[in-house]
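K.L.:
Protein chains in written order, with the working numbering: chain L, 1 to 367; chain W, 368 to 734.
Number of protein chains: 2
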Amino acid sequence: MALGRAEAGKIESGVRAMAENMADRKKAILRAVTDDYISTAEPVGSRTIARKYGLGVSSATIRNEMADLEEEGYLEQPHVSAGRIPSDKGYRFYVDSLMPERNLTGLEEKKIRAECAKRSDEIQSLIRATAKVLGELSNCASIVIGPGVKTAEIRHIQLVPFSSDSILVLVVTNAGLVEHKILSIEHEMNPVDLENMSRMLNHRLRGRSLSQMRGKVLRDILSDLDAYASFLEQMFELLLSAIRSSDENRVYVDGLMKLLGQPEFSEIERARPILEFLESDDLVLTELSGSASRGLGGAQVTIGSENTREELRECSVICAPYGIRGQVVGTIAVVGPTRIDYSLTIALVAHIAESLSDLLTRTQSIK
Amino acid sequence: MALGRAEAGKIESGVRAMAENMADRKKAILRAVTDDYISTAEPVGSRTIARKYGLGVSSATIRNEMADLEEEGYLEQPHVSAGRIPSDKGYRFYVDSLMPERNLTGLEEKKIRAECAKRSDEIQSLIRATAKVLGELSNCASIVIGPGVKTAEIRHIQLVPFSSDSILVLVVTNAGLVEHKILSIEHEMNPVDLENMSRMLNHRLRGRSLSQMRGKVLRDILSDLDAYASFLEQMFELLLSAIRSSDENRVYVDGLMKLLGQPEFSEIERARPILEFLESDDLVLTELSGSASRGLGGAQVTIGSENTREELRECSVICAPYGIRGQVVGTIAVVGPTRIDYSLTIALVAHIAESLSDLLTRTQSIK
DNA sequence: GTTTAGCACTCACAGTAGTCGAGTGCTAAA
DNA sequence: TTTAGCACTCGACTACTGTGAGTGCTAAAC
């Protein structure tokens, strides 16, 4: 199971126990090993620890402690004459208890603001820009899942004349998402009729979600506008099918190159399954959709084997939902090697999710 | 310079001369070498040619011919004891004169139709689906540049009430592209006013391009609607700036994984510059924008060193513009190793460009 | 004048052996 | 409990060698 930093307070008692009865020196060593491995990507030996992280004990002592840590499952050895690297369990403990608090530098915050602010007027651009800046700052692959239209409330619906045998149906959701769809019609409709219908539909549908748009509500509308019944039926049909497929267009991935720059993925065969996963929008969508249920605030970390998907067993995923006025509408995530800089990335993801929420709430809210 | 197959008729006289005075057997050998290398990615030796492609002569003869071809610059040798591979010049000659005619199989055509047809109601989806199917069938990276909004004609413009201090401006272009932008306003505007303004704007702007939307036309509108002058000025300002930035969102890339699967890019360091290029939307856009000027019909091939961009010197690019009612609105392209299957890819690109044009013209045209 | 057989030569590639050094575990002394 | 010392392990690197695909050249055959 994935435990987020935000949930450190309600950490499982098992984990807490581990944290408490581990000697401070052991913790320091585990922290040192993890920090070092995160920054160098090389297995770290006892002498390195003794020299670089002045713990006041000799390498032999550290060696003994490391042997213990390995036995307890926090460290592992790629081969017998190499240094140690953290295991997934080791990373988990590091994330939950050892990791240094990290705040974004002014430069980083500035970059985020700059990139996002200038695009905040159009939601697609904003989402794209977010993915880009997240990839750049994390040095890993980044994912942003845009607001979906299915569960969102309808804020506005409008029928626009398009050509003699088609009209454009425009739906604006409360997340500021604008979806549109072109609809063929059998006989021309005059603009005034369309206008009237728009008004009517607005009246009936505002505040409802698109997926609620069936059953009684729909029948009511049909009976109200029965002159157009057959047209409306067709419209709803098409609209619903469009919505079903529009989910695939919600996923934005960036920073694939950054991922390939990580030494663990320098052989392409290691990287391939992950990239394949990231290229498949619907897999990404289903994998991350779980995180939305945790509610806003704080990033969630899934380390290596904690991932259910086979392809991600060598990766860590750090994700956080974002929302509008407290309601979750999407997720942002970073995918990197398990050696990812947790401290930085968590701060980054949490901050960007938050500022995205702010931005959306500020610019998209109905007054 | 890149010469397309469609232009085979008006091929440069220099090239034509080459084609004519090259002995048939030499051509056959060059063709065999190229075909073989395209399918195996291994340098091909004289014995292989003699055995696999029954030319009725011994390997020694072929060896002599190959030495000539190398001297003339059509073949090259990775090292002295390896077989030959085609040079860029060799590929060029192959593409212009030797390549077998290739038609898509029923299966391929079916796949294209299936993938495109089910998305044809919404232009963004259609573009995405096109990029995907192109990547899949070509086994290379694919690029689709969507219709831009800058030069397109306005078909419809509509102001939609959005919130108390903002409205939504909706612009539909003749390419079926729907752009929208949310605009803050100072004081609330009543729906009837908006409707009137929409009508007015439509009347004035329909048929013009957005980039024409300045100067006299604009002044005329302002004087007609001078009660809203300050609002309109602000609106045009924002609209134009939005348009400027929306070009970046036109580029869709897919099939990166396929590219990495090609043996020439199995070392990541070879692939990196190309992937970096493909990740940068604006570079891709400027690089491919030239091809739009060649008019519809037929794919254009740029081989290795013919590419101006350094990153693409190891690649071939096959691209074709697509359009609506004969007018170019975008480009599709495939990027692969110079060893790319020209015959297949050219057929593929040409066919998809054509069917995209058809689809757009059919579904998006004003009657 | 072509074409072909024969042969010496080249060179990438794979496999083997040897060396180096980082890092360990264990033992015994402090 | 900590530390110094030491033997040991094993991946990484280097050097060397054999193999084989493929060439170029020459001389004979057509």
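Note that CB positions come from ideal geometry on N, CA and C, so glycine has one too.
Since I believe Ala152/L is in contact with Val284/L (beta carbons under 8 Å), could you give me their beta-carbon distance rounded to a whole number of angstroms?
P.N.:
In fact, because the Cβ distance is near 20 Å, the residues do not count as touching under 8 Å.
K.L.:
When you compare the CB positions of Leu225/L and Met197/L, do they come within less than 8 Å of one another, or not?
P.N.:
Cβ atoms of Leu225/L and Met197/L: closer than 8 Å.
K.L.:
Let me know if Arg617/W comes out buried or exposed under the rule of 16 or more other beta-carbons within 10 Å of its beta-carbon.
P.N.:
Classification of Arg617/W: buried, given that the 10 Å Cβ count is 16 or more.
K.L.:
Under a CB-based cut-off of 8 Å, is Phe403/L close to chain W?
P.N.:
As shown, chain L starts at 1 and ends at 367. That puts residue 403/L outside it, with no answer to give.
K.L.:
Going by alpha carbons, who is nearest to Ile549/W out of Tyr37/L, Ile123/L, Ile38/L, Val253/L?
P.N.:
Comparing Cα-Cα distances from Ile549/W to each of Tyr37/L, Ile123/L, Ile38/L, Val253/L, the minimum goes to Ile123/L.
K.L.:
When you compare each of His523/W, Asn557/W, Ala542/W, Glu604/W to His570/W by their alpha carbons, which one comes out closest?
P.N.:
It is His523/W whose Cα lies nearest to the Cα of His570/W.
K.L.:
Could you tell me whether the Cβ of Met257/L comes closer than 8 Å to any Cβ of chain W?
P.N.:
Yes, contact with chain W.
K.L.:
I'd like the ranges of any alpha helix (DSSP H) spanning at least 4 consecutive residues and lying wholly in the region 265-293 of chain L.
P.N.:
For the region 265-293 of chain L, whole alpha helix (DSSP H) runs of length 4 or above, ordered along the chain, are 268-279, 281-289.
K.L.:
Can Gln667/W and Ser658/W be called in contact, C-beta distance under 8 Å?
P.N.:
Yes, the pair counts as a contact, with Cβ atoms nearer than the cut-off.
K.L.:
Would you be able to state if there are at least three C-beta pairs under 8 Å between the region 387-407 of chain W and the region 451-461 of chain W?
P.N.:
Counting Cβ pairs under 8 Å, three or more are found: they touch.
K.L.:
Please tell me whether Arg272/L has its Cβ less than 8 Å away from any Cβ of chain W.
P.N.:
So yes, Arg272/L belongs to the interface.
K.L.:
Would you mind listing the beta strand (DSSP E) stretches within the region 479-544 of chain W that are 3+ residues and don't spill past its ends, in chain order?
P.N.:
Those beta strand (DSSP E) runs which fall completely within the region 479-544 of chain W and span 3+ residues are 508-512, 521-530, 533-540.
K.L.:
Using a Cβ-Cβ cut-off of 8 Å (strictly less than) and excluding sequence neighbours within five positions of Glu188/L, which residues of its own chain qualify?
P.N.:
Answer for Glu188/L: Ser164, Asp165, listed in chain order.
K.L.:
Taking the alpha helix (DSSP H) that Ala320/L belongs to, which residues open and close that run?
P.N.:
Not the alpha helix (DSSP H): Ala320/L falls in the beta strand (DSSP E), residues 315-324.
K.L.:
Quick check on Ile405/W: buried or exposed, where buried means 16 or more other Cβ atoms within 10 Å of its Cβ?
P.N.:
Buried: at least 16 other Cβ atoms inside 10 Å.
K.L.:
Do you know offhand how far Arg272/L's Cα is from Lys625/W's?
P.N.:
Each residue's alpha carbon lies about 10 Å from the other.
K.L.:
Under DSSP, the beta strand (DSSP E) around Ala700/W begins and ends at which residues?
P.N.:
Run containing Ala700/W: 694-704, per the beta strand (DSSP E) assignment.
K.L.:
Kindly list the residues whose CB is nearer than 7 Å to the CB of Ile185/L, restricted to its own chain and excluding five residues on each side of it in sequence; keep chain order.
P.N.:
Excluding sequence neighbours, Ile185/L sits near Asp165, Ser166, Ile167, Phe231.
K.L.:
Is it true that the region 297-313 of chain L meets the region 97-106 of chain L, where meeting means three or more beta-carbon pairs spaced less than 8 Å apart?
P.N.:
No, the region 297-313 of chain L is not in contact with the region 97-106 of chain L.
K.L.:
Quick one: is Ala181/L near chain W, going by C-beta distance under 8 Å?
P.N.:
The residue asked about is misnamed: residue 181/L is Lys in this sequence, not Ala. Taking Cβ atoms only, chain W reaches closer than 8 Å to Lys181/L, which makes this a yes.
K.L.:
Interface residues of chain L around Ile479/W at Cβ under 7 Å?
P.N.:
Those do not exist, as Ile479/W stays about 18 Å from chain L at its closest Cβ, beyond 7 Å.
K.L.:
For the ligand MG, I want to know if Asp621/W counts as a neighbour, meaning its beta carbon is within less than 7 Å of at least one of the ligand's heavy atoms.
P.N.:
Of ligands this structure carries none, so the ligand MG is not represented either.
K.L.:
When you compare the CB of Arg575/W with every CB in chain L, is at least one pair closer than 8 Å?
P.N.:
Not closer than 8 Å to any Cβ of chain L, the Cβ of Arg575/W fails to qualify, so no.
K.L.:
Hey, Glu136/L and Gly255/L: beta-carbon distance below 8 Å or not?
P.N.:
Cβ atoms of Glu136/L and Gly255/L: closer than 8 Å.
K.L.:
Got a sec: which bits of the region 307-331 of chain L sit with their beta carbon under 7 Å from any beta carbon on chain W, in order along the chain?
P.N.:
Residues: none.
K.L.:
How long is the line joining the alpha carbons of Leu585/W and Met602/W, rounded to whole angstroms?
P.N.:
Going from the Cα of Leu585/W to the Cα of Met602/W covers about 11 Å.
K.L.:
Are any of the Cβ atoms in chain L nearer than 8 Å to that of Gly376/W?
P.N.:
Below a pLDDT of 50, predicted positions are generally treated as unreliable, and Gly376/W, at 33, falls in that range; the measurement from the model is reported next regardless. Judged by the 8 Å Cβ criterion, Gly376/W is not in contact with chain L.
K.L.:
Along chain W, in chain order, which residues have C-beta atoms closer than 7 Å to that of Leu283/L?
P.N.:
Under the 7 Å cutoff, chain W gives no residues; its nearest Cβ is about 13 Å from Leu283/L.
K.L.:
Express the C-alpha separation of Arg47/L and Ala60/L in angstroms, rounding to a whole number.
P.N.:
If you take the alpha carbons of Ala60/L and Arg47/L, they lie about 8 Å apart.
K.L.:
Mind checking which residues open and close the alpha helix (DSSP H) that includes Val668/W?
P.N.:
Run containing Val668/W: none in the alpha helix (DSSP H); it sits in the beta strand (DSSP E), 667-670.
K.L.:
Between Gly574/W, Cys483/W, Tyr689/W, Asp560/W, which lies nearest to Glu721/W when the distance is taken from Cα to Cα?
P.N.:
Among Gly574/W, Cys483/W, Tyr689/W, Asp560/W, the Cα nearest to that of Glu721/W belongs to Tyr689/W.
K.L.:
Considering only residues of the same chain and omitting the five flanking positions on each side of Met433/W, which have a CB-CB separation below 7 Å?
P.N.:
Answer for Met433/W: Ile396, Ser413, Leu442, Arg451, listed in chain order.
K.L.:
Can you name the residues of chain W whose CB is closer than 8 Å to the CB of His156/L?
P.N.:
Correct list: Val527, Pro528, Phe529, Leu535.
K.L.:
Hey, is Ser357/L's beta-carbon within less than 8 Å of any beta-carbon in chain W?
P.N.:
With 8 Å as the cut-off, Ser357/L does not count as an interface residue toward chain W.
K.L.:
Leaving out five residues before and five after Arg63/L in sequence, what residues of the same chain have Cβ atoms less than 6 Å from its Cβ?
P.N.:
Correct list, in chain order: Ser46.
K.L.:
So what does DSSP say about Pro445/W, is it helix, strand or coil?
P.N.:
Pro445/W falls in the coil class under three-state DSSP.
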